[in-house]
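Participant: If you scroll down you'll find the structure; I have some questions about it.
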Amino acid sequence: MAGYERQQEMMAIALMGSAFAIITTIAREVQIRVYFTRDGTYTCCLQAMNSIGALANILAYVGYLLTVFNKYDDEDETKAFLHVVGLLLFFILAPLYALLQSSLLFKQTQYSMFIKIVFLLMAVLEYAVVIGYLVLKENAVIIEWFAVALISMYTGLFFILFLIDPVDDELKEYFTFGCCRKKSGASERKDRPSVNRKDPSANNRAEDIELA
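Going from the sequence shown to our numbering is simple: count from 1 and add 109.
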């Protein structure tokens with residue numbers, strides 16, 4: 110990938126694509142957490158699978174950027190080494206994330222079996238393509254691009270999951286660092302009538318006025 114002729118354009122596309130994939134990964138982690146917490150079945154095992162999976166996919170796309178930003182045939186040995194490290198991170202961690210996601214997906218009842226099977230087949234195909242690439246290595250340029258496209262497509266399919274279970278409020282709260290909840294709480298407190306602790310009769314008079 111780093112040997113692509115139009116390197117700057119490739120870097121810009123890779124950067125935008127990786128940012129989108131990382132944001133989607135975080136959103137999916139929140140969605141899973143909300144579902145199992147709401148269902149009362151968010152065990153330590155599920156928490157570990159969810160957190161490890163999200164971290165794995167984020168590191169996978171960091172590896173993807175390392176691969177794109179460093180040429181495999183660069184004269185600088187450090188850059189060539191970073192390219193290989195990034196490639197291994199991407200092609201090992203991304204399929205791992207897909208497998209963990211499929212396991213979590215089968216535990217979520219709001220999705221149909223068809224959707225679950227599609228995601229599982231995509232995860233298995235990712236592993237097959239990546240293994241094929243690692244075996245063929247330098248003679249597998251087409252497989253390399255196909256693997257990247259397949260992994261990106263898998264992440265893109267998450268829009269189906271968000272259409273069915275959007276968890277809008279939780280995502281809004283997460284990505285605004287809880288600002289929405291604070292504002293909502295402040296507005297509720299503002300609308301709530303004040304209580305006069307020193308003169309309870311004043312509270313009764315205020316309630317009578319509101320009722321009138």
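Heads up, the beta-carbon is just placed ideally off N, CA and C, and yes, glycines get one too.
Nothing here was measured: the structure is a model prediction, and the numbers come from that model.
Would you report the Cα separation of arginine 142 and leucine 230, rounded to the nearest angstrom?
Facilitator: Each residue's alpha carbon lies about 24 angstroms from the other.
Participant: In terms of residue numbering, what span does the alpha helix (DSSP H) encompassing alanine 266 cover?
Facilitator: The residue you asked about is not alanine; residue 266 is leucine in the sequence shown. It is not in any alpha helix (DSSP H) - leucine 266 carries neither H nor E in the DSSP assignment.
Participant: Hey, would you say glycine 172 sits closer than 7 angstroms to leucine 198, going by beta carbons?
Facilitator: Closer than 7 angstroms, so yes.
Participant: Quick one: what's got a C-beta closer than 6 angstroms to glycine 294's C-beta in the same chain, skipping five residues either side?
Facilitator: With a pLDDT of 48 at glycine 294, under the threshold of 50, the modelled position of that residue is not reliable, and the figure given next carries that caveat. Cβ within range, chain order: n/a, list empty.
Participant: Using three-state DSSP, classify aspartate 274 as helix, strand or coil.
Facilitator: Coil.
Participant: What is the DSSP secondary structure of glutamine 140, counted as helix, strand or coil?
Facilitator: DSSP places glutamine 140 in helix when its eight states are reduced to three.
Participant: Ordered along the chain, which non-local residues of its own chain (more than five positions away) have a Cβ less than 7 angstroms from that of glutamate 319?
Facilitator: In this prediction, glutamate 319 scores a pLDDT of 47, lower than 50, which makes its location untrustworthy; the coordinate-derived value is nonetheless stated afterwards. Nothing listed; no residue qualifies.
Participant: Return the CA-CA distance between alanine 157 and leucine 209, expressed in angstroms with no decimal places.
Facilitator: Answer to the nearest angstrom: the Cα atoms are 10 angstroms apart.
Participant: Secondary structure at glutamate 282, three-state DSSP: helix, strand or coil?
Facilitator: In the structure shown, glutamate 282 sits in a helix (DSSP, three-state: H, G or I).
Participant: Where does the unbroken alpha helix (DSSP H) through tyrosine 151 begin, and where does it stop?
Facilitator: Looking at the DSSP string, tyrosine 151 is not in any alpha helix (DSSP H), and its letter there is neither H nor E.
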